[in-house]
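In the working numbering, the protein residues as written are 751 to 1187.
In structure tokens:
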């Protein structure tokens, strides 16, 4: 389902879980918006009850360090939350909330016997925001908030229970992405963010993506717009949200061809240190603006297509290329080939300007939000089609918006391996990136 490549990190991680302790891996850094004090710290629980500690380079997504405890927790954990670098909260299947005090260094992970803090904790999911609030969901779909008033809390330092919402939080995964900010997935594939008010009485929900996230059984975040999702097959993927506070998923960068690891993550519970990374609100990126403009035109009929180019003549001429070039020009892209009215001609223009990304390579073109999708070889011939990418999903599918589809602007989710379009039902040959994006 995912199209990825196996890197050295994969072998290193699977070996580490078998008994070794450290690995140093390098790669060209990604353009991360997050500012992190060090590596991303992720704790986990293995099926045998042992704990793991993993460090991930926030810029490259590479694993840099792994240690595994020799001791087991001694009970069956149900939910896990990281309070800070050396303190975990873990619930048991019997509803006991335990505090686990961690000591970890370059070669070992040890912990004291878990401390029984409170009873009655039957939450399905737990996550701590690093700013005093612990969140949990119930089997009935409620979201609860607790105040944690000490770095290593006892029974009296976890309280002030608030019900943020009831009935609408039947979530598959839950992580905190900042101060009173949550990131979650649902079983139908949605990626959702929640911003909880300072009073804990209201929240704002935003759908960042409407499909493709259902495969993850764990989702963690150290803050700063970094998200890490683990699949049942042991693969770990990473994502960068350029502005995690904007309620939009259009600016999320996907690293499908460069995972943290393609196997080896056998922990069934995972939690990241929530205070490791922060982010500054960036200038809205060009790609996000293209996607927003394209999505805003969905439903526009060919009777009104002259807004994209006067040559459309109310649909008398094919206008998918007119729409695609309009989205770029309206977003501020310079030197857009507005006079090219043939979809495959846009592909040819991309080749001539070094902006075309062929699907024949190992990265399958690495599609990104704002790219043009070219159906048919990029040789300027007729019979093809062009769409604009507005979302790239974790399962490899794409959400695209295109003009002159069923005589209007439409929004569709496609599998780029099999999608065909145009008068000659052409397969996708590749993508064209906007210059400067």
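Quick reminder that beta carbons are idealized off the backbone N, C-alpha and C, glycines included.
Contact between residue 1151 and residue 1075 is absent: CB atoms are separated by about 14 Å, not below the 8 Å threshold. Between the segment 811-819 and the segment 1051-1065 there are fewer than three C-beta pairs closer than 8 Å, too few to call the two in contact. The three-state secondary structure of residue 861, taken from DSSP, is strand.
For residue 849, the enclosing beta strand (DSSP E) starts and ends at 846-854. Separation of the CB atoms of residue 941 and residue 915 is rounded to 18 Å, and the pair is thereby denied contact status at 8 Å.
Excluding the 5 residues flanking it on each side, residue 1080 has same chain C-beta neighbours closer than 7 Å at 1043, in chain order. Two segments are said to touch when three or more pairs of C-beta atoms, one from each, lie closer than 8 Å; by this definition the segment 832-840 touches the segment 893-905. For residue 804, the enclosing beta strand (DSSP E) has its first and last residue at 800-806.
The Cβ-Cβ distance between residue 1093 and residue 1134 falls below 8 Å. Around residue 955, the same chain offers 944 as residues with beta carbons nearer than 6 Å, after the five sequence neighbours per side are excluded. A Cβ-Cβ distance of about 6 Å is found for the pair residue 808 and residue 976, placing them in contact under the 8 Å criterion. Selection 1187, 1183, 1158 evaluated against residue 1123 yields 1183 as nearest (Cα-Cα). Between the C-alpha atoms of residue 1111 and residue 847 there is a straight-line separation of about 50 Å.
Residue 1136 has its alpha-carbon roughly 42 Å from the corresponding atom of residue 805. Here the segment 1091-1109 makes contact with the segment 1124-1131; the two share three or more CB pairs at distances below 8 Å. Only exposed fits residue 826, as fewer than 16 other CB atoms lie within 10 angstroms of its CB. For residue 1085, the number of other beta carbons within 10 angstroms of its own is below 16, and it is reported as exposed. Contact between residue 1153 and residue 1010 does not hold, since the beta-carbon distance rounds to 38 Å and is not under 8 Å. Annotation for residue 1093: the continuous alpha helix (DSSP H) segment containing it runs 1093-1102. Beta bridge pairing from DSSP links residue 1011 with 986. Taken through DSSP and simplified to helix, strand or coil, residue 791 comes out as strand. For residue 1070, the enclosing alpha helix (DSSP H) stretches over residues 1070-1081.
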